[in-house]
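All remarks here apply to the structure that follows.
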Amino acid sequence: MDSSRRRCSSCCCSRGAGGLVLNWVLLFLAVGSLGFVRPSVTSLGQEAGREAAGAASALIGGGRFVFGAIASPLVGAFGSGSAVPMAAMVLIGFAGGVIGLMVSTKG
Numbered sequence: 001m002d003s004s005r006r007r008c009s010s011c012c013c014s015r016g017a018g019g020l021v022l023n024w025v026l027l028f029l030a031v032g033s034l035g036f037v038r039p040s041v042t043s044l045g046q047e048a049g050r051e052a053a054g055a056a057s058a059l060i061g062g063g064r065f066v067f068g069a070i071a072s073p074l075v076g077a078f079g080s081g082s083a084v085p086m087a088a089m090v091l092i093g094f095a096g097g098v099i100g101l102m103v104s105t106k107g
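Okay, so the sequence shown: first residue is 1 according to UniProt numbering, each after it adds one.
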């Protein structure tokens, strides 16, 4: 096997389920939706904490940094040979958001 073929076989373009194009399309949709979600979450958080707007802002920003600091090493720990660890963390984050929404609206 020549070196160019080995190199391509190790990247995500040769892996199943559509390969590189599907990965980029799904990543574009996930990241593109953040432009709608993040401002809405910030607005709702500021509205809920309007009595202490500075504290609400600090909690929102700090929470984003904490979750990012937790997720980044976990993605790296599960390998860099494919997009599966990143997709798993996105799914876990989505599930956590849905669970948080369900818990917060139950009362």
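Cβ atoms here follow ideal geometry from the backbone N, Cα and C, with glycine treated the same way.
None of the values given here were measured: they were computed from a predicted structure.
Where does residue i sit, in a helix, a strand or coil, going by DSSP?
i, result
"G81", "coil"
"G45", "helix"
Using a Cβ-Cβ cutoff of less than 7 Å, which residues in the same chain neighbour residue i once the five nearest sequence positions on both sides are dropped?
i, result
"P85", "V75, F78, G79"
"G45", "A56, I60"
Given this structure, state the Cα-to-Cα distance separating residue i from residue j, to the nearest angstrom.
i, j, result
"L22", "G32", "15 Å"
"V25", "A88", "16 Å"
"F28", "L91", "15 Å"
Whole-angstrom Cβ separation of residue i and residue j, contact assumed at under 8 Å?
i, j, result
"G49", "A71", "Rounded, the Cβ-Cβ distance is 24 Å, inconsistent with contact."
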